[in-house]
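By our numbering, the letter at position 80 of the sequence shown is numbered 234, and the numbering carries on one by one without gaps.
For reference, the structure is listed below as structure tokens.
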Amino acid sequence: MKKDIFIGILVGLIANTIGLFITANLLGQGDDFTTVIKAATSEGFLGKLISLGAILNLVAFFVFIKQRQDYRARGVLLITVFIAVFTFVFKLF
Numbered sequence: 155m156k157k158d159i160f161i162g163i164l165v166g167l168i169a170n171t172i173g174l175f176i177t178a179n180l181l182g183q184g185d186d187f188t189t190v191i192k193a194a195t196s197e198g199f200l201g202k203l204i205s206l207g208a209i210l211n212l213v214a215f216f217v218f219i220k221q222r223q224d225y226r227a228r229g230v231l232l233i234t235v236f237i238a239v240f241t242f243v244f245k246l247f
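See the structure below:
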């Protein structure tokens with residue numbers, strides 16, 4: 155059970171990282187990843203990029219639900235909630 159939750163957390167982190175990379179490339183208008191992240195940080199929309207990157211977690215969550223791997227889906231859900239709280243706190247400061 156704990157192993158499946160941990161696998162779900164890892165999949166959620168990887169999916170969010172890939173989603174962030176894809177979002178930065180789509181919205182970056184040809185700039186490289188680090189330039190987009192630096193610009194997002196300085197202009198104050200890094201939290202929005204991270205939130206958009208979390209959309210891939212939705213895909214991972216529903217794949218695990220469809221395969222009846224509920225504990226892995228729970229891990230993805232946990233990391234998604236953590237990212238939401240992190241984004242909220244990051245936005246406050």
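Heads up, the beta-carbon is just placed ideally off N, CA and C, and yes, glycines get one too.
In this text, all values refer to a predicted model and were calculated from it rather than measured experimentally.
Cβ-Cβ distance between residue i and residue j below 8 Å
i       : j       : result
Leu-210 : Asn-170 : yes
Ile-233 : Ile-161 : no
Glu-159 : Gly-229 : At residue 159 the sequence reads Ile, which differs from the Glu that was named. Yes.
Leu-200 : Ile-191 : yes
Gly-207 : Leu-174 : yes
Phe-216 : Arg-226 : no
Integer Cβ distance of residue i from residue j, believed to fall under 8 Å
i       : j       : result
Ala-193 : Phe-187 : Going by Cβ atoms, the distance from Ala-193 to Phe-187 rounds to 11 Å, so no, they are not a contact pair.
Ile-204 : Ile-172 : Actually they do not touch by this definition, with Cβ atoms about 13 Å apart.
Start-to-end residues for the alpha helix (DSSP H) that takes in residue i
i       : result
Gly-173 : 156-181
Phe-244 : 224-246
Gly-207 : 200-207
Closest residue to residue i among the options (Cα-Cα distance)
i       : options                            : result
Ala-214 : Val-235, Lys-157, Val-165          : Val-165
Leu-246 : Gly-182, Gln-183, Thr-189, Lys-202 : Lys-202
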